[in-house]
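Going by this note's numbering, the sequence shown runs without a break in its numbering and finishes at 315.
From the three backbone atoms N, C-alpha and C, an ideal C-beta is built for every residue, glycine too.
Take a look at the structure below.
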Amino acid sequence: MKNAKLKAALVSNISNTFLVIGKLIIGFLSGSVSIISEAIHSGMDLMASMIAFLSIKKASNPADEKHRYGYGKFEDISGLLEGQLIFVAAGWIIYQAIHKMLYHRTEIEFLELGIIVMAGSSIINFFVSNYLYKISRKYDSIALEADALHLRTDVYTSVGIFVGLFLIKIFKLEILDPIIAIIVALFIIRTSMELVTRSFRNLTDFRLSDDDLSRIHKIINEHNSEFVDFHELRGRKAGSERHLDFHLTIKKDTNLEKAHSFCDHLEEDIKKEFPGTQIMIHLEPNKEDTE
25 MKNAKLKAAL VSNISNTFLV IGKLIIGFLS GSVSIISEAI HSGMDLMASM
75 IAFLSIKKAS NPADEKHRYG YGKFEDISGL LEGQLIFVAA GWIIYQAIHK
125 MLYHRTEIEF LELGIIVMAG SSIINFFVSN YLYKISRKYD SIALEADALH
175 LRTDVYTSVG IFVGLFLIKI FKLEILDPII AIIVALFIIR TSMELVTRSF
225 RNLTDFRLSD DDLSRIHKII NEHNSEFVDF HELRGRKAGS ERHLDFHLTI
275 KKDTNLEKAH SFCDHLEEDI KKEFPGTQIM IHLEPNKEDT E
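Printed below as a string of structure tokens:
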């Protein structure tokens, strides 16, 4: 699991590096603020993918004396930092776009080359983001999902700039350039807000989703012939890990060895559905039997 996640993060690093270099060169040669804004967007993606790589590497470390619950929340910290970086970049893009719109209108050069770069960027990011989404869902990694979300936004914005540059070439409307840059920035802000919200929830031990809890209830209830009831079910996420605990009321004739064996079996079934889950089961005697 660790190697697959690190490999995915590394692929994102490499692709983003080439795209940032290409966009910056074309952006400064052409004088297009929309291309430069997209280069900055990709630069933020590169920083985000580097943070994701480091956080995944750290989060994969096993629990130790200092971190008894493991390092999973390093992935959530990564998502929070990435979201903030994206928000700052969006603000800079809007500032530059408005400045050009009001004070510094210039004719855009090398339009054909800019169109080609934007088209190539869209295609590359489409395939890389799909790959990252696939790995993030397989291993439930918020850091990789955040990286994939950045690149998917990059696909949309690159397509938008591609269309805008094409229209500028046809109709000679340079004013479209800063307008497109602002639209790109708004897309980026939306992405950053979603990412910060999700990461912040995990860092504050927000409960598991209704879907997760429903699936866990179903797994436990499939074994209801082995116990009386269960209650006080709690769950939270730390990166790709889930932490779960609940109370299980056992039958009167169930000895400690049998109860322990059943709990091990129940934990295995939950972990099949949610790999990497840390589970704590508190056994209780049936109060009706003791009265």
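Measuring CB to CB, does residue i end up less than 8 Å from residue j?
i      : j      : result
ILE122 : ILE192 : no
VAL179 : HIS65  : no
PHE77  : ASN40  : no
THR215 : ILE110 : yes
ALA167 : SER249 : no
LYS282 : VAL252 : no
ARG176 : SER145 : no
LEU104 : ILE50  : no
PHE186 : ILE147 : no
LYS31  : SER165 : no
TYR93  : ALA205 : no
ALA172 : GLU106 : no
ILE294 : ILE213 : no
TYR163 : SER61  : no
ALA63  : VAL44  : yes
ARG260 : ASP229 : yes
ARG239 : GLU297 : yes
HIS247 : LEU290 : yes
LYS124 : ASN226 : no
Helix, strand or coil for residue i, going by three-state DSSP, please let me know.
i      : result
ILE49  : helix
ASP164 : coil
ASN278 : In the sequence as displayed, the identity of residue 278 is Thr instead of Asn. Here THR278 sits in coil by DSSP.
ILE159 : helix
PHE150 : helix
VAL44  : helix
GLU291 : helix
GLU133 : coil
GLY115 : helix
GLY55  : coil
ASN27  : helix
VAL35  : helix
Which residues does DSSP list as the beta-bridge partners of residue i?
i      : result
GLN302 : HIS267
LEU272 : PHE254, LEU307
Could you check whether the Cβ of residue i sits closer than 8 Å to any Cβ belonging to chain C?
i      : result
ASN248 : The structure shown contains no chain C; it is built from a single protein chain.
Could you tell me whether any non-hydrogen atom of the ligand COA is closer than 7 Å to the CB of residue i?
i      : result
ASN248 : No copy of the ligand COA appears in this structure; indeed no ligand is present at all.
Subject >> the region 60 to 70 contacting the region 78 to 92, beta-carbon criterion three pairs below 8 Å >> reply: No, because fewer than three Cβ pairs between the region 60 to 70 and the region 78 to 92 fall closer than 8 Å, the two stretches do not touch.
**OP:** At 4 residues or longer, and completely inside the region 74 to 108: list those alpha helix (DSSP H) runs for me, N to C.
**Re:** Correct list: empty.
Subject >> Completely contained alpha helix (DSSP H) runs for the region 179 to 264, where each covers 4 or more residues >> reply: Listed in chain order, the complete alpha helix (DSSP H) runs (minimum 4 residues) inside the region 179 to 264 are 200 to 227, 234 to 245.
Original post:
Between the region 261 to 281 and the region 298 to 306, are three or more C-beta pairs nearer than 8 Å?
Top reply: At 8 Å Cβ cutoff, the stretches touch.
Original post:
Should the region 187 to 203 be regarded as contacting the region 52 to 59, the criterion being three or more beta carbon pairs within less than 8 Å?
Top reply: Segments in contact, yes.
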